[in-house]
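Engineer: First residue of the sequence shown? That's 39 in my numbering, and the numbers climb one at a time after it.
For each residue, glycine too, the CB sits at the ideal point set by N, CA and C.
Quick one: this structure, given as structure tokens, is what I'll be asking you about.
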Amino acid sequence: MKTNRDEATYRLRLCPRLALLEEIHDSAVFQDRTLQELLTDTLIGNLNVSRQQASVDPIVAAGTFESYDVEFALEGLGTKYEQTLMYEETVANFIGRHCRRAGVYYYFKHAAVGNGRYVREGNRG
39 MKTNRDEATY RLRLCPRLAL LEEIHDSAVF QDRTLQELLT DTLIGNLNVS RQQASVDPIV
99 AAGTFESYDV EFALEGLGTK YEQTLMYEET VANFIGRHCR RAGVYYYFKH AAVGNGRYVR
159 EGNRG
């Protein structure tokens, strides 16, 4: 951002709501969860947003996704992980790491009413 006496210049960055999850650093232990349950817990539950993060960014504190914002199409991935650890990691990195491990991809669909996030298995793009 630049300013002088007569004018100001601002920079605007447009990105999907998932980018807000880059701002949430957390630690958590998940037990007996499938991949879909892990993703649901982290995307919709937003884990434990600290008071410090909530005071810095009220948008993050208000919750990033609702259950109707995310659509899963995962078949055959019902294996439960006995224990999964998230340690001082952003929610976005945690989600990406586990999707890559399971061979799952995700994409965004932009619509006039709202934007959604879709999680699919395999390498179809």
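Which same chain residues end up closer than 7 Å to Pro96 when comparing Cβ atoms and leaving out the 5 residues on each side of it in sequence?
Structural biologist: Its pLDDT being 49, under 50, Pro96 is placed unreliably by the model, and nothing is read from it.
Engineer: Would the region 109-117 and the region 47-59 be scored as touching if the rule is three or more Cβ pairs under 8 Å?
Structural biologist: no
Engineer: Please return the same chain residues whose Cβ sits closer than 7 Å to the Cβ of Leu52, not counting the five positions on each side in sequence.
Structural biologist: none
Engineer: Please say whether Phe68 and Asp76 have beta carbons closer to each other than 8 Å?
Structural biologist: Note that residue 76 is Leu in the sequence shown here, rather than Asp. The answer is yes: Cβ separation under 8 Å.
Engineer: Three-state secondary structure (DSSP) at Leu123?
Structural biologist: strand
Engineer: Run the CB neighbour count on Leu115, radius 10 Å, all protein chains shown included, and call it buried at 16 or more, exposed below.
Structural biologist: exposed
Engineer: Do we get a CB-CB distance below 8 Å when we pair Arg71 with the residues of chain C?
Structural biologist: Checking the listed chains, one finds no chain C in this structure; it contains a single protein chain.
Engineer: Taking the Cβ atom as the reference point for each residue, do Tyr145 and Cys137 lie within a distance shorter than 8 Å?
Structural biologist: no
Engineer: Between the Cα of Ala140 and those of Asp79, Lys147, Gln74, Glu126, spot the shortest distance and give me the residue it belongs to.
Structural biologist: Gln74
Engineer: Enumerate in chain order the residues of its own chain whose CB-to-CB distance from Thr72 is below 8 Å, with the five nearest sequence positions on each side excluded.
Structural biologist: Within the same chain, Thr72 has close Cβ partners Leu115, Gly116, Thr117, Lys118, Tyr119.
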